[in-house]
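Below is one structure, written out as structure tokens, with a few remarks after it.
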Amino acid sequence: MDRRRCFVAARVDGEVSFRGCFAVFHAVVSYVREREEREMRVMPTRSLTARGKILGWERPLVCVPLVGRTPEGVLEEARTVAAAAPDLLEVRADAWECAERTGEAMALLARLRESVEHLPLLFTCRSAAEGGFRPVGEDARIRLFHAAVEERLVDFVDLELSCGRERLAALKRRAAERGIFLVVSFHDFEGTPSREALLATVAAQVEAGADVAKVAVMPQRPEDVLTLLAATLEARRLFPETPLVTVSMGELGAASRVMGWLCGSDLTFAVGTAASAPGQLPLAALRGVN
Numbered sequence: 394m395d396r397r398r399c400f401v402a403a404r405v406d407g408e409v410s411f412r413g414c415f416a417v418f419h420a421v422v423s424y425v426r427e428r429e430e431r432e433m434r435v436m437p438t439r440s441l442t443a444r445g446k447i448l449g450w451e452r453p454l455v456c457v458p459l460v461g462r463t464p465e466g467v468l469e470e471a472r473t474v475a476a477a478a479p480d481l482l483e484v485r486a487d488a489w490e491c492a493e494r495t496g497e498a499m500a501l502l503a504r505l506r507e508s509v510e511h512l513p514l515l516f517t518c519r520s521a522a523e524g525g526f527r528p529v530g531e532d533a534r535i536r537l538f539h540a541a542v543e544e545r546l547v548d549f550v551d552l553e554l555s556c557g558r559e560r561l562a563a564l565k566r567r568a569a570e571r572g573i574f575l576v577v578s579f580h581d582f583e584g585t586p587s588r589e590a591l592l593a594t595v596a597a598q599v600e601a602g603a604d605v606a607k608v609a610v611m612p613q614r615p616e617d618v619l620t621l622l623a624a625t626l627e628a629r630r631l632f633p634e635t636p637l638v639t640v641s642m643g644e645l646g647a648a649s650r651v652m653g654w655l656c657g658s659d660l661t662f663a664v665g666t667a668a669s670a671p672g673q674l675p676l677a678a679l680r681g682v683n
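Residue numbers for the sequence shown follow this note's numbering, so the first one is 394 and each next one is one higher.
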């Protein structure tokens with residue numbers, strides 16, 4: 394099948410229709426499944442396994458964020474979301490009221506780990522500059538990452554490329570010693586950089602020691618979604634050993650959350666009880682096409 398069929402969008406009165414684009418993609422996925430043409434899925438040469446879930450295999454993993462603020466809220470949310478059987482959970486410690494109190498935060502994380510022992514946990518405390526729910530002091534933020542790794546309470550940690558090589562290298566060393574994978578991420582909530590700039594970002598993430606490279610950008614026009622998908626496909630070929638997570642955010646970019654896997658993205662985010670970024674789709678909807 395011609396790869397360009399992935400980029401077809403239905404048009405209504407000259408405007409791109411997301412519903413039409415989604416319908417076309419669903420038809421493509423059904424065709425692939427029926428014909429068992431799995432070679433269309435561009436996979437990394439190295440996959441990562443955490444608690445039985447394989448990142449970088451034939452199907453993308455679906456991750457649901459936990460965005461509760463209080464210990465009771467986080468644990469209740471985790472139980473509710475886990476019942477829907479996602480592949481892994483994203484722990485958004487930047488939403489926690491206790492985020493700057495390391496001891497309390499680790500106690501909560503330990504309770505969370507125990508309550509969903511079977512699911513991999515992707516831990517982050519997102520910076521305010523890249524979409525954090527609440528501002529958390531940088532020193533306190535970095536302490537959380539190292540404490541989570543030190544106590545082996547998580548399976549992945551996600552730290553921004555903007556934190557700099559020194560902090561990334563230190564976290565990478567500790568994580569690698571404990572069998573925890575490092576996600577190096579980049580978020581742009583204002584626009585979509587050029588394809589060349591996106592590739593340069595992934596290259597910098599890989600150079601910084603990323604086990605997984607993540608890029609999330611905001612489209613301002615339909616062409617921006619295609620830029621993200623094209624960059625994903627090229628990044629997959631340039632960096633074949635590194636699993637990728639790429640997202641075009643917002644309503645306009647929602648199609649990338651179901652189309653991205655064809656171009657090499659290995660994980661997508663779905664809504665649990667509340668979204669952690671604009672444009673996330675319900676878990677059930679993603680399960681229907683991934």
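Virtual Cβ for every residue (Gly too), placed ideally from N, Cα, C.
If you follow the beta strand (DSSP E) that residue i is in, where does it begin and where does it stop?
i: residue 522; result: Unbroken run through residue 522: none, as it is neither H nor E.
i: residue 456; result: 454 to 459
i: residue 484; result: 481 to 485
i: residue 438; result: Looking at the DSSP string, residue 438 is not in any beta strand (DSSP E), and its letter there is neither H nor E.
Starting from the Cα of residue i, find the closest Cα among the options and give me that residue.
i: residue 592; options: 473, 557, 483 and 631; result: 631
i: residue 604; options: 534, 595 and 481; result: 595
i: residue 484; options: 552, 602 and 618; result: 552
i: residue 470; options: 584, 508, 554 and 546; result: 508
i: residue 564; options: 582, 538 and 555; result: 538
i: residue 586; options: 554, 656, 612 and 441; result: 612
i: residue 488; options: 481, 498 and 480; result: 498
i: residue 569; options: 554, 543 and 584; result: 543
i: residue 624; options: 547, 599, 653 and 643; result: 653
i: residue 491; options: 528, 511, 476 and 437; result: 528
i: residue 502; options: 615, 526 and 545; result: 545
i: residue 480; options: 452, 627 and 644; result: 452
i: residue 645; options: 629, 436 and 621; result: 621
i: residue 615; options: 599, 584, 598 and 496; result: 584
i: residue 522; options: 441, 547 and 555; result: 555
i: residue 651; options: 642, 643 and 661; result: 661
i: residue 536; options: 478, 486 and 572; result: 486
i: residue 440; options: 629, 647 and 642; result: 629
i: residue 457; options: 476, 464 and 444; result: 476
i: residue 495; options: 478, 647, 464 and 534; result: 534
i: residue 557; options: 642, 567, 597 and 566; result: 597
i: residue 377; options: 567, 617, 657 and 642; result: With the chain covering 394 to 683 only, the question about residue 377 has no answer from this structure.
i: residue 464; options: 444, 478 and 500; result: 500
i: residue 547; options: 510, 566 and 559; result: 510
i: residue 444; options: 566, 567 and 572; result: 572
Whole-angstrom Cβ separation of residue i and residue j, contact assumed at under 8 Å?
i: residue 574; j: residue 549; result: 5 Å
i: residue 493; j: residue 530; result: 6 Å
i: residue 640; j: residue 609; result: 4 Å
i: residue 455; j: residue 619; result: 23 Å between Cβ atoms; not a contact.
i: residue 505; j: residue 467; result: 6 Å
i: residue 655; j: residue 472; result: About 33 Å; that fails the 8 Å criterion.
i: residue 626; j: residue 659; result: That belief does not hold up - the Cβ atoms of residue 626 and residue 659 are roughly 13 Å apart, past 8 Å.
i: residue 512; j: residue 561; result: The pair is not a contact, with the Cβ atoms about 26 Å apart (cut-off 8 Å).
i: residue 606; j: residue 577; result: 6 Å
i: residue 664; j: residue 635; result: That pair is no contact at about 27 Å.
i: residue 525; j: residue 582; result: Contact flag wrong, Cβ pair sits at about 11 Å.
i: residue 633; j: residue 438; result: 5 Å
May I ask which residues mark the beginning and end of the alpha helix (DSSP H) holding residue i?
i: residue 467; result: 464 to 475
Indicate whether the contact test is met: 3 or more Cβ pairs, each with one atom in the region 447 to 455 and one in the region 515 to 528, closer than 8 Å.
No, the region 447 to 455 is not in contact with the region 515 to 528.
Fully enclosed by the region 505 to 590, which alpha helix (DSSP H) runs are 4 residues long or longer?
531 to 543 and 558 to 570
Which whole runs of the alpha helix (DSSP H) in the region 581 to 665 are 4 residues long or more, in chain order?
588 to 600, 615 to 631, 643 to 646 and 649 to 656
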